[in-house]
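Take 101 as the starting number for the sequence shown in our numbering and just add one per residue.
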Amino acid sequence: MNKTDRRYQMHLDILQEELLPALGCTEPIAVAYAAANARSVLPGAPERLEVAVSNNIVKNVKSVIVPNTGGLKGIQAAAAIGAVAGNEKLALEVISSVTERDRESLRKFLAEKEILVKPAESTDVFDIRVDAFDGEGNHGVCRIQKTHTNVTLLAKNDVILLRRDDAQSDRQLANREMLSVEGILDFAQTCELEDIKPVLSRQIRCNSAISNEGLKTPYGANIGKLFTNRQDLRSRAIGRAAAGSDARMSGCDLPVIINSGSGNQGMTASLPVLTYAEELQVGEEKTYRALALSNLLTIHLRSGIGTLSAYCGAVSAGSAAGAAVCWLQGGDYDAIAHTLVNSLAIVSGIICDGAKPSCAAKIACAVDAGLFGWEMYQNGQQFFGGDGIVEKGVENTIRNVSRLGRDGMRQTDDEIVKIMIEC
């Protein structure tokens, strides 16, 4: 792909837009970010919070530990830490500078102040509104919709400081609809290394660090250690991704580089590919190109589904990682396409029932399926059009999976939230 081709800059922009740093699971961090923004317009400290959230926010905040809170979970903890100690200028790293003194203030706030949590008024999948009130009658409002940092309303008392239509964005984003497996492969193989290296080197550094932390320290169900103890390459690749999730879902305060709004997807798309690149000793250039391929394929597979769904995002990232490993071992476009279709046919039924320790096990299954999809192709095996949701042509199968995750699983999503609330 020539650098003057408008698609070249589009692919590069998408990488830069999606591969962002985040501390902790992105849904509770988005709640903390909204609370920090609402508090920022108040002249005094907040005395009361009202937090209105959509069902998917409930699902993804309920069971995951919020970093820097001393092991606390839930919407109230996320909103409180954002209101007490959040730095709204840091976006998804909003609570990265919390101190022990801040944690003491958090405990006091939770014990003494009112935090009302209620359903969002809209039916949007992603909707967070925080109203903060101080002791002098002042009222701050922040609303976030569609994506984790997309502030659509910021107000103080009756004065609107910022308002966007919920279809607008905090950023002018590149068009994901133009992505294709063929175009992504072309970009990954021909782009200038210096264009992709800054964003991907940060991903290597951050995601490797939290994976290593997950391997050396007990977190969650220790899924990563279970796999890496097996020693073989495939298990080590699976285990490194799972270990990062072990740590992240259990409150580790190290940042990750996310993909499609998810740290778990960012780790799944990168760490297995890194493991194979290191073992195969392919060198720096091929490693970066494989990472570009895996990340962009993950975005392509996920963009048609939406930010949040009952469809487990690790499936998209695990399938993409398998395709990138395929490319590292000499696979061409046909091999990559078949690897994707094979793996999507296997694990597209994994549900998302919120962020929690079992995400690491789902990542392990997704990466294993991605690698198995490549193994099938190597042995002349494949799933054919008409086999369930598989349709002839990789883009057609991706479109079917997007439809399943976006439309077909809406009722499933609602039922998951009902079950989680009852538990």
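Beta carbons are placed, not taken as given, at the ideal position from N, Cα and C, and that holds for glycine.
Proximity of residue i and residue j at Cβ, strictly below 8 Å
i	j	result
ALA122	LEU192	yes
SER443	GLY480	no
VAL281	GLU118	no
GLY524	LEU471	Since the first residue of the chain shown is 101 and the last is 523, residue 524 is not available in this structure.
VAL184	VAL161	no
VAL425	PRO372	yes
LEU99	TYR433	Outside the shown range of the chain (101 to 523) lies residue 99, about which nothing can therefore be said.
ALA437	ALA369	no
ALA232	GLY186	no
ILE304	ASP468	no
GLY320	MET349	yes
ILE310	ALA347	yes
ARG388	ILE296	The question names Arg, yet the displayed sequence has Tyr at residue 388. Result yes, Cβ atoms of TYR388 and ILE296 sit closer than 8 Å.
LEU300	VAL230	no
LEU401	ILE114	no
ALA410	ILE451	yes
ILE195	ILE181	yes
ILE260	THR252	no
ILE405	GLY505	yes
LEU428	VAL225	no
ASP258	PRO146	no
MET110	THR290	no
MET520	ASP453	yes
HIS239	THR126	no
CYS352	PRO167	yes
VAL490	ALA435	no
Buried or exposed by the 16-neighbour rule on C-beta atoms within 10 Å, applied to residue i
i	result
CYS523	exposed
SER154	buried
SER362	buried
LYS103	exposed
THR199	exposed
ARG106	exposed
LYS518	exposed
GLU236	exposed
ALA178	buried
ILE211	The sequence shown places Ala at residue 211, not Ile. The residue in question, ALA211, is exposed, as its Cβ has fewer than 16 Cβ neighbours within 10 Å.
ASP227	buried
N- and C-terminal bounds of the alpha helix (DSSP H) containing residue i
i	result
PHE472	459-478
LEU190	Per DSSP, LEU190 belongs to no alpha helix (DSSP H) and is neither H nor E.
ILE338	333-349
PHE287	281-290
PRO372	363-380
VAL184	175-185
ILE399	384-403
ILE165	Looking at the DSSP string, ILE165 is not in any alpha helix (DSSP H), and its letter there is neither H nor E.
ILE451	Per DSSP, ILE451 belongs to no alpha helix (DSSP H) and is neither H nor E.
VAL425	413-428
Bridge partners - residue i, DSSP secondary structure assignment
i	result
HIS111	In the DSSP output, where bridge partners are listed per residue, HIS111 has none listed.
PHE233	ARG148, HIS239
GLN245	ASP227
VAL299	Paired residues: none, contrary to the question.
VAL153	PRO219, ILE228
Helix, strand or coil at residue i [DSSP, three-state]
i	result
THR328	helix
ALA122	strand
GLN511	helix
ARG263	strand
TYR319	coil
ILE310	helix
ALA435	helix
VAL158	helix
LEU206	helix
VAL490	coil
LEU408	coil
MET278	helix
VAL131	helix
VAL517	helix
SER197	coil
LEU444	helix
GLN116	helix
ILE293	Here the sequence assigns Leu to residue 293, which means Ile is not the residue at that position. DSSP places LEU293 in helix when its eight states are reduced to three.
Start-to-end residues for the beta strand (DSSP E) that takes in residue i
i	result
VAL217	214-219
LYS256	251-256
VAL141	Per DSSP, VAL141 belongs to no beta strand (DSSP E) and is neither H nor E.
LEU172	Per DSSP, LEU172 belongs to no beta strand (DSSP E) and is neither H nor E.
ILE498	ILE498 -> not in any beta strand (DSSP E); alpha helix (DSSP H) instead, spanning 494-503.
ILE357	355-357
Check: residue i C-beta below 7 Å from any heavy atom of the ligand ATP
i	result
LEU210	The model depicted lacks the ligand ATP and carries no ligand whatsoever.
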